[in-house]
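Trainee: Once you know that position 157 of the sequence shown is 157 in full-length UniProt numbering, the rest is easy, because the numbers rise by one and skip nothing.
Sharing a structure here in structure tokens format.
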Amino acid sequence: MDNNRDLDLSSIIAEVKAQYEDIANRSRAEAEAWYQTKFEELQATAGRHGDDLRNTKGEISELNRLIQRIRSEIENTRNQCATIQTAIGDSEERGEMALKDAKAKVMELEDALQKAKADMARQLREYQELMNVKLALDIEIATYRKLLEGEESRLSGEGLNPISYSVISSSSGVAGGAGLGAGFGGLSLSGAGGSGFGLGGGGGG
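And the structure:
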């Protein structure tokens with residue numbers, strides 16, 4: 001009876017052991033399958049992340065190239081701005097100098113114009129004064145001519161011989177270009193017989 005009990009225990013232990021081994025095998029297989037699945041999933045995820053990483057690296061490289069190009073363009077633009085500012089400064093300086101020269105030229109021309117106007121006014125005054133002097137001389141000459149003609153007519157009317165007459169004029173001048181100076185000096189009439197008489201003239205301009 002003891003032997004039967006030992007056999008039953010042994011068979012029970014063997015059966016339990018077999019069950020635990022089967023459970024352990026199934027658990028191990030399930031664990032291995034789970035780990036394999038997880039490993040494959042992680043590999044796929046890592047592959048995707050690797051692709052994303054490579055894409056990101058490519059994008060970063062492209063962005064770096066873009067940044068370098070933009071920096072180069074910014075530097076070129078700054079240089080162009082500096083060049084333009086320098087050119088503007090030079091142009092402003094040249095423009096100011098040209099403006100000063102033009103203003104000086106305008107002032108010079110205005111001075112020349114004022115001088116020309118003053119000279120013209122002076123010449124007009126001198127011309128007018130000369131015209132006045134000429135007019136006065138013309139009037140005086142006409143007056144003395146009439147006096148001479150009248151005296152000749154009077155002498156002819158008195159039956160005297162034809163006479164010759166000469167005008168002895170005293171010095172006459174224009175003082176300051178404003179008028180006639182000394183008057184008519186005298187009138188000398190002489191007949192054919194040598195007798196003569198004088199006609200006092202004294203007309204003033």
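Note that the Cβ used here is the ideal one computed from N, Cα and C, for glycine as well.
The model shown is predicted, which means the values in this text are computed figures rather than measured ones.
(1) Nearest-angstrom Cα distance between Gln85 and Arg48?
(2) How many Å lie between Lys103 and Glu92 at the Cα?
(3) Apart from the five residues just before and just after Leu99, which ones in its own chain have a Cβ nearer than 6 Å to its Cβ?
Mentor: From the atom records:
(1) Walking along the sequence shown from the start, residue 85 turns up at place 85. Walking along the sequence shown from the start, residue 48 turns up at place 48. Approximately 54 Å between the Cα atoms of the pair.
(2) Counted from its first residue, the sequence shown places residue 103 at position 103. Counted from its first residue, the sequence shown places residue 92 at position 92. Each residue's Cα considered, the two are about 16 Å apart.
(3) Residue numbering aside, residue 99 sits at position 99 when the sequence shown is read from its first letter. For Leu99, where only same-chain residues beyond five positions count, there are no Cβ hits under 6 Å.
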